[in-house]
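Visitor: Sharing a structure below in structure tokens format, with a few things to ask.
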Amino acid sequence: TVLIIDFGSQVTQLIARRVRETGVYCEIVPFQSAEEGFKRLNPKAVILSGSPASTLDAGSPRAPQAIFDSGLPIFGICYGQQTMCAQLGGKVESGHHREFGRAFLEVDKECALFEGIWPPGSRHQVWMSHGDRVTALPEGFEVVATSANAPYAFIADEKRKYYAVQFHPEVVHTPDGAKLIANFVHNVAGIKSDWTMSAYRAKAVEAIRKRVGEKKVICALSGGVDSSVAALLIHEAVGDQLTCILVDHGLMRKDEAKSVVAMFQEHYNLHLIHVDASDRFIGELEGVSDPETKRKIIGRLFIEVFEDEAKKLGGADFLAQGTLYPDVIESVSFTGGPSVTIKSHHNVGGLPERMNMQLVEPLRELFKDEVRVLGRELGLPESFIGRHPFPGPGLAIRCPGGITREKLEILREADAIYLDEIRKAGLYDAIWQAFAVLLPVQTVGVMGDGRTYEFVCALRAVTSVDGMTADFYHYDMEFLGRAATRIINEVRGINRVVYDVTSKPPGTIEWE
Ligand code: XMP
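Pasting the structure below:
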């Protein structure tokens, strides 16, 4: 295990990604609980992250002394470098100018981290982002690479296996960063690659069996990749002790519920209850147009329906959830204060307490791309694994204005044609998320010899890494023309199609 101590950098998660990619397990622990995390994890190496803080500020965070006393290899990144220097007897000063972005390093000396990639005399691109800088080295350290603005860009004490850099090796703009981290993990710390998904699968199945014993588990299955993989893993562990409940709120995509049922019930022989609750949901949503009200109604009904079904089963001791590692990592915040609610997200939070259930969260240690690998390992088809994200409140938030059954039906058809065209054009995997929105606006058109007065359909497609920011997808116009023509020709009720060219921010991905 590698311990990553988080001082609050925006990119700490990327350090964890890079370490996991070397086939080695790691965990991120906030600096406040680093001492405890160090004892609990018993790591073979430690990495110190960057931070928005300055080591020169009173009360700024430090790494626990125990890691320096342990004799373990340590890699300090950015703020991590500065706190290492401050704690080991070097000196840090505030920089004359802050340095952000691309820089080039000249390699001066050999270093264990450069093995096989950076010979002395070579030059390499790295990504800098810092204000302060080291101005005097602690005893035992020497400079191994420099940049024009950063004489201490890369320093090392090979005897103690301490390495520290002023740039960010974890970001893609440092092309060899992953190799530097791999050299630290494998060559310096001597950790072998044993974090594979088949090993994880076996370990997780064992752990679920131990925790659940003979008891019952229920799981809300949506067909999204997280809940699907969680359900399959638990099914492998405890078989029919698991019951999955698919709450069909009538707001799913065309044929979606059918394909989820076929997949899990027929193919995996998993105990799945398909609850058609569309009347209950749409009954309460009919005519509701305020986005937050829609979200709250759907969230409440979802919990009620799920609870009713669980009671029919005679209850359960455990609730399974597809919680991922990024949701678990305790965030380090220096600004404090609550953040503004942009949208009330739909999830099953609150259920375990209400129903007095314990949680099973077998994906808590995984990143999204690792969940996909695990899904493949469990035999889940690509059509499920590579699926675009779909929001819990479904088509209700893609139907601005009052909701009616008729509008949902029109939207479902248009959305299906749009996605069909995307797949045919081979664009599905290049797009992060794509969907149709039915606007509550009617416009005049002419079809054949007649006047039409029908709804406008907006098409949305974005690229993104994590849904936090997004850019609209740059289609070629031929494609958009083709999709628009098909939608207008084939869907009764739509006579105009527009394309949404808003990025996030300032827009959000969904319209509500
Ligand atoms: P926004 O619209 O906030 O969406 O830019 C970001 C991502 O989150 C999805 N989304 C949701 N997912 N429950 C979910 O599980 C929700 O209530 C919800 N609302 C939005 C959205 O589809 C996009 O991928």
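The UniProt record's numbering applies: residue 9 is where the sequence shown begins, and numbers increase by one. Just so you know, even glycine gets a beta-carbon here, dropped at the ideal spot from N, CA and C. Owing to the predicted nature of the structure, the values given are computational and were not obtained by experimental measurement.
Measuring from the CB of Ile517, is there a heavy atom of ligand 3 at a distance below 7 Å?
Guide: In terms of ligand content, the structure shown lacks ligand 3 and carries ligand 1 instead.
Visitor: Consider the C-beta atom of Ile305 and the heavy atoms of ligand 1; say whether any pair is separated by less than 7 Å.
Guide: No, the Cβ of Ile305 stays beyond 7 Å of every heavy atom of ligand 1.
Visitor: Measuring CA to CA, which of Ala120, Trp126, Ser102, Glu101 is closest to Leu113?
Guide: That would be Trp126, whose Cα lies nearest to the Cα of Leu113.
Visitor: Tell me the DSSP bridge mates of Glu361?
Guide: Glu361 is not bridged to any residue.
Visitor: Relative to ligand 1, is the shortest distance from any of its heavy atoms to the C-beta of Lys52 smaller than 7 Å?
Guide: Answer for Lys52: no, Cβ out of range of ligand 1.
Visitor: So Arg219 is in the alpha helix (DSSP H); what residue range does that whole segment cover?
Guide: 205-220 is the extent of the alpha helix (DSSP H) around Arg219.
Visitor: With distances taken Cα to Cα, identify the nearest neighbour of Thr9 among Gly31, Ser17, Gly16, Thr20.
Guide: Of Gly31, Ser17, Gly16, Thr20, the residue nearest in Cα terms is Gly31.
Visitor: In chain order, what are the residue ranges of uninterrupted alpha helix (DSSP H) at least 4 long that sit wholly in the region 79-131?
Guide: With a minimum length of 4 residues, the continuous alpha helix (DSSP H) runs that stay inside the region 79-131 are 87-96.
Visitor: Which value, in whole angstroms, describes the spacing of the CA atoms of Leu467 and Leu446?
Guide: Spanning the two alpha carbons is a distance of roughly 9 Å.
Visitor: So, for Val454: in the same chain, excluding its five sequence neighbours on each side, which residues have a beta-carbon less than 8 Å away from its beta-carbon?
Guide: Closer than 8 Å at the Cβ level, and outside the excluded window around Val454, lie Thr460.
Visitor: Pop quiz: His257 and Phe310 are said to be a contact at Cβ under 8 Å. What is the actual Cβ separation, rounded to whole angstroms?
Guide: So it is a contact: roughly 7 Å between Cβ atoms.
Visitor: Can you tell me the Cα-Cα spacing of Thr412 and Ile305, whole angstroms?
Guide: If I take the Cα positions, the gap works out to 15 Å.
Visitor: What do you get for Ala207, buried or exposed, if any count of 16 or more other CB atoms within 10 angstroms of its CB means buried?
Guide: Exposed: under 16 other Cβ atoms inside 10 Å.
Visitor: With burial defined as no fewer than 16 other Cβ atoms inside 10 Å of the residue's Cβ, what is the status of Gly231: buried or exposed?
Guide: That one is buried.
Visitor: I need the boundaries of the beta strand (DSSP E) containing Pro448, first residue and last residue.
Guide: It spans 441-455 - the beta strand (DSSP E) in which Pro448 sits, taken as one unbroken run.
Visitor: Considering only the beta carbon of each residue, do Lys262 and Glu369 sit closer than 8 Å?
Guide: No, Cβ-Cβ distance for Lys262 and Glu369 is not below 8 Å.
Visitor: Does the Cβ-Cβ distance between Val225 and Leu254 come in under 8 Å?
Guide: Their beta carbons are not under 8 Å apart, which means Val225 does not touch Leu254 by this criterion.
Visitor: What are the partner residues of Glu150, as DSSP defines its beta bridges?
Guide: Answer is Ala164.
Visitor: Check this for me: beta carbons of Leu367 and Ser236, under 8 Å apart or not?
Guide: For Leu367 and Ser236, no; Cβs fall outside 8 Å.
Visitor: Helix, strand or coil for Ala239, going by three-state DSSP, please let me know.
Guide: DSSP places Ala239 in helix when its eight states are reduced to three.
Visitor: Compute every distance between the C-beta of His354 and the non-hydrogen atoms of ligand 1, then say whether any falls below 7 Å.
Guide: Yes, since a heavy atom of ligand 1 falls inside the 7 Å radius drawn around the Cβ of His354.
Visitor: With a cut-off of 8 Å, do at least 3 Cβ pairs link the region 287-294 to the region 389-396?
Guide: No, because fewer than three Cβ pairs between the region 287-294 and the region 389-396 fall closer than 8 Å, the two stretches do not touch.
Visitor: Work out the CA separation of Val173 and Gly148 for me, nearest whole Å.
Guide: If you take the alpha carbons of Gly148 and Val173, they lie about 16 Å apart.
Visitor: If you run the structure through DSSP and keep just helix, strand and coil, what is Pro513?
Guide: In this structure, Pro513 counts as coil in the three-state DSSP scheme.
Visitor: What separation, rounded to the nearest whole angstrom, lies between the Cα atoms of Glu300 and Gln441?
Guide: One C-alpha to the other measures close to 22 Å.
Visitor: Kindly indicate which three-state DSSP category Ala265 falls into: helix, strand or coil?
Guide: Ala265: helix per DSSP, three-state reduction.
Visitor: To the nearest angstrom, how far is the alpha carbon of Ala156 from that of Ile13?
Guide: One C-alpha to the other measures close to 29 Å.
Visitor: Under 8 Å by Cβ, that's how I've got Ala61 and Gly16 pegged, so tell me the actual separation to the nearest angstrom.
Guide: Confirmed, about 7 Å.
Visitor: How should Ala144 be labelled, buried or exposed, when 16 other C-beta atoms within 10 angstroms of its C-beta is the threshold for buried?
Guide: With fewer than 16 Cβ atoms within 10 Å of its Cβ, Ala144 is classed as exposed.
Visitor: Below 8 Å CB to CB, which residues in the same chain sit around Arg406 once its five sequence neighbours on both sides are set aside?
Guide: Counting only Cβ-Cβ distances below 8 Å, and skipping sequence neighbours, we find Leu419, Asp423, Phe443, Ala444, Val445, Leu446, Glu518, Trp519, Glu520.
Visitor: If we ignore side chains and look at the alpha-carbon of each, how far apart do Leu427 and Phe398 end up?
Guide: Rounded to whole angstroms, Leu427 to Phe398 spans 13 Å at the Cα level.
Visitor: Tell me which residues share the same chain as Pro81 and place their Cβ nearer than 6 Å to its Cβ, disregarding the 5 neighbours each side in the sequence.
Guide: Counting only Cβ-Cβ distances below 6 Å, and skipping sequence neighbours, we find Ala53, Lys169, Val196, Ala197.
Visitor: Assuming the contact rule is C-beta atoms closer than 8 Å, Leu386 and Leu241 should be a hit. Round their C-beta distance to whole Å, please.
Guide: With 8 Å as the limit, Leu386 and Leu241 qualify as a contact, their Cβ atoms being about 7 Å apart.
Visitor: When burial is assigned at 16 or more other CB atoms within 10 Å of the CB, is Ser339 buried or exposed?
Guide: Burial call: exposed.
Visitor: For Phe83 versus Ile55, is the C-beta spacing smaller than 8 Å?
Guide: Yes, they are a contact pair.
Visitor: Of the choices Phe480, Asn497, Glu274, whose alpha-carbon is the least far from that of Gly515?
Guide: Residue Phe480 is the option with its Cα nearest to Gly515.
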